[in-house]
Amino acid sequence: MEKTDRYLFRFFIFWYICGVFLLSFDLVPPWLEWANVVFLITAGFLAMLFFYRTYGKILGLVLIGGIFILSMALESFGVATGLFFGNYEYRTDFGPKMIGVPVTIGFAWVMVIATSHVLMKPVTNATGKFAIIVYPVLGAFTATAMDLIIDPVAYDVKEYWVWLEGGFYYGIPFSNYAGWFILSFILHLIVFILTKRHKGWQTDSSEWSFRMAWLYGMMTAMFMAVAVVNGLFLAFFTTLAALIIVYTFYFTPRFLGTLKEGGRYSQQKTGI
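Take the sequence shown: its position 114, counting from 1, is numbered 114 in full-length UniProt numbering, and each next residue is one higher.
(1) What does the alpha-carbon distance come out to for the pair residue 100 and residue 51?
(2) Roughly how many angstroms lie between the CA atoms of residue 2 and residue 38, to the nearest whole one?
(3) Mind reading off the beta-carbon distance from residue 155 to residue 172? Whole number of angstroms is fine, and I expect it under 8 angstroms.
(4) Below 8 angstroms on the Cβ atoms is my guess for residue 62 versus residue 113; work out the distance and round it to an integer in Å.
(5) Which residue marks the beginning of the alpha helix (DSSP H) containing residue 162, and which one marks its end?
(6) Taking just the CA atoms, how far does residue 148 sit from residue 59?
(7) With a cut-off of 8 angstroms on the beta carbons, I'd call residue 85 and residue 175 a contact; round off their distance for me.
(8) Write down the C-beta distance between residue 243 and residue 220 rounded to the nearest angstrom, noting that I regard them as a contact closer than 8 angstroms.
(9) Can you check whether the CB of residue 179 is closer than 8 angstroms to the CB of residue 78?
(10) In this structure, how does DSSP classify residue 170 when only helix, strand and coil are distinguished?
(11) Taking residue 236 as the reference, give the member of 177, 249, 121 and 145 with the closest Cα.
(12) In this structure, what does DSSP give as the bridge partners for residue 89?
(13) Given this structure, state the Cα-to-Cα distance separating residue 245 from residue 164, to the nearest angstrom.
(14) At which residues does the alpha helix (DSSP H) containing residue 151 begin and terminate?
(15) Using CA coordinates, which residue listed in 92, 110 and 41 is at the minimum distance from residue 64?
(16) Taking the alpha helix (DSSP H) that residue 110 belongs to, which residues open and close that run?
(17) Any chance you could list the alpha helix (DSSP H) runs of at least 4 consecutive residues sitting entirely within the stretch 18–88, in chain order?
(18) Would you mind reading off the limits of the alpha helix (DSSP H) that contains residue 215?
(19) Quick one: Cα of residue 57 to Cα of residue 167, how far?
(20) Mind checking residue 211: buried by the 16 CB within 10 Å criterion, or exposed?
(21) In angstroms with no decimal places, state the Cα-to-Cα distance between residue 74 and residue 143.
(22) With a Cβ-Cβ cutoff of 8 angstroms, do residue 46 and residue 68 count as a contact?
(23) Pull up the DSSP beta-bridge partners for residue 196, would you.
(24) DSSP puts residue 97 in a beta bridge; with which residues?
(25) Using 8 angstroms as the threshold, is the C-beta distance between residue 119 and residue 225 below it?
(26) May I ask whether a heavy atom of the ligand NAP can be found less than 7 angstroms away from the beta carbon of residue 65?
Shown next, in the form of structure tokens:
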């Protein structure tokens with residue numbers, strides 16, 4: 001089973017390298033537009049595998065289904081009313097729709113939550129009883145940080161979707177980022193409660209966690225590359241600053257934990 005997982009992740013990396021080159025230089029031919037859908041669904045499927053492999057069949061499927069259904073429902077509400085993410089409409093075919101929203105978006109949200117979950121879990125483990133607040137706040141920040149580069153590129157460069165109202169950041173309304181933060185906060189809170197309740201919070205799959213940490217950086221870097229090529233320097237540097245914060249949160253507890261374990265090992269070896 002692990003061999004199959006490894007091949008799937010390698011397939012994604014190959015698809016990703018091709019996508020970065022084609023998207024950055026706007027070389028995607030019309031007949032290959034379907035590749036965007038396959039790419040996002042594959043990224044979402046990898047995230048689904050993370051939840052499934054890490055938290056088991058029942059809890060994993062509950063997490064996947066909960067994130068997918070709730071994100072699709074709130075996206076549908078946003079499209080219909082404009083009250084959550086602002087008034088916007090899709091301009092690119094992202095595949096079949098469900099309740100007015102491409103199902104691809106549901107896969108994308110599972111990817112966003114899985115990757116931000118992995119990145120913020122190490123620092124959250126050090127916050128004790130405050131974790132129930134710290135984790136969803138940091139998770140929402142991490143998820144929204146990714147959107148700092150996704151939406152400017154998707155809207156200003158690729159026109160995957162367009163807003164029908166203006167905004168201070170590349171014409172994107174503030175409500176979009178508020179909506180991202182709120183939805184991400186809710187989804188991370190659900191993840192925290194369910195995994196804590198089933199004693200799954202401390203359960204981890206190191207290889208899949210590593211893949212999710214890479215996936216977040218890869219997805220963000222791809223949009224950053226497109227932004228630089230197309231002159232969206234504010235979006236690039238804003239996202240770069242956010243990435244530094246995110247990965248500092250991720251690596252610092254792991255680094256300190258390694259030092260701590262190393263100290264214990266040294267004491268055992270020297271008898272101190």
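Beta carbons: idealized from backbone N, C-alpha and C, even for Gly.
Values in this document were obtained by computation on a predicted structure and should not be read as measured data.
On the basis of the coordinates in this document:
(1) Counted from its first residue, the sequence shown places residue 100 at position 100. Counted from its first residue, the sequence shown places residue 51 at position 51. Rounded to the nearest angstrom, the gap between the Cα atoms of residue 100 and residue 51 is 26 angstroms.
(2) For the purposes of this step, residue 2 is taken as residue 2 along the sequence shown, with counting starting at 1. For the purposes of this step, residue 38 is taken as residue 38 along the sequence shown, with counting starting at 1. Going from the Cα of residue 2 to the Cα of residue 38 covers about 22 angstroms.
(3) Translated into positions along the sequence shown, residue 155 becomes position 155. Translated into positions along the sequence shown, residue 172 becomes position 172. At roughly 6 angstroms, the Cβ-Cβ gap stays under 8 angstroms, so residue 155 and residue 172 are in contact.
(4) Taking the sequence shown and counting its residues from 1, the one referred to as residue 62 is at position 62. Taking the sequence shown and counting its residues from 1, the one referred to as residue 113 is at position 113. Your pair residue 62 and residue 113 does not check out as a contact, with CB atoms roughly 13 angstroms apart and the cut at 8 angstroms.
(5) If you number the sequence shown from 1, residue 162 lands on position 162. Segment 161–163 is the beta strand (DSSP E) holding residue 162; no alpha helix (DSSP H) there.
(6) Indexing the sequence shown from 1 puts residue 59 at position 59. Indexing the sequence shown from 1 puts residue 148 at position 148. Cα to Cα, the separation comes out at about 31 angstroms.
(7) Reading the sequence shown from its first residue, position 85 is the one you call residue 85. Reading the sequence shown from its first residue, position 175 is the one you call residue 175. Confirmed, Cβ separation roughly 6 angstroms.
(8) The residue given as residue 243 occupies position 243 in the sequence shown. The residue given as residue 220 occupies position 220 in the sequence shown. Correct: roughly 6 angstroms between the Cβ atoms.
(9) Within the sequence shown, numbered from 1, the residue matching residue 78 stands at position 78. Within the sequence shown, numbered from 1, the residue matching residue 179 stands at position 179. Yes.
(10) Within the sequence shown, residue 170 is the residue found at index 170, counting from 1. DSSP places residue 170 in coil when its eight states are reduced to three.
(11) Your numbering for residue 236 matches position 236 in the sequence shown. For residue 236, the nearest C-alpha among the options comes from 145.
(12) Here the question's residue 89 lines up with position 89 in the sequence shown. Within the DSSP bridge table, the entry for residue 89 names 162 as partners.
(13) Numbered from 1 along the sequence shown, position 245 holds the residue referred to as residue 245. Numbered from 1 along the sequence shown, position 164 holds the residue referred to as residue 164. Between residue 245 and residue 164, the C-alpha separation is close to 32 angstroms.
(14) Residue mapping note: residue 151 aligns to position 151 of the sequence shown, counting from 1. For residue 151, the uninterrupted alpha helix (DSSP H) segment begins and ends at 131–152.
(15) On the sequence shown, position 64 is the one that residue 64 refers to. When each option's Cα is compared against that of residue 64, the closest is 110.
(16) Taking the sequence shown and counting its residues from 1, one reaches residue 110 at position 110. Per DSSP, the continuous alpha helix (DSSP H) segment holding residue 110 begins and ends at 103–124.
(17) Runs found: 34–55 and 57–81.
(18) The count along the sequence shown starts at 1 and reaches residue 215 at position 215. Note, residue 215: alpha helix (DSSP H), 206–229.
(19) Counted from its first residue, the sequence shown places residue 57 at position 57. Counted from its first residue, the sequence shown places residue 167 at position 167. Cα to Cα, residue 57 sits roughly 43 angstroms from residue 167.
(20) Within the sequence shown, numbered from 1, the residue matching residue 211 stands at position 211. Here residue 211 is buried. Its C-beta has 16 or more other C-beta atoms within 10 Å.
(21) Taking the first residue of the sequence shown as 1, we reach residue 74 at position 74. Taking the first residue of the sequence shown as 1, we reach residue 143 at position 143. Computed Cα separation, rounded: 16 angstroms.
(22) As a working note, residue 46 is residue 46 in the sequence shown. As a working note, residue 68 is residue 68 in the sequence shown. Cβ distance not < 8 angstroms, so residue 46 and residue 68 don't count as in contact.
(23) Here residue 196 refers to the residue found at position 196 when the sequence shown is read from its first residue. Bridge partners of residue 196: none, in fact.
(24) For this step, residue 97 is matched to residue 97 along the sequence shown. Paired residue(s): 102.
(25) Sequence index remark: in the sequence shown, residue 119 carries index 119 (1-based). Sequence index remark: in the sequence shown, residue 225 carries index 225 (1-based). Contact: no.
(26) The ligand NAP is not part of the structure shown, which contains no ligands of any sort.
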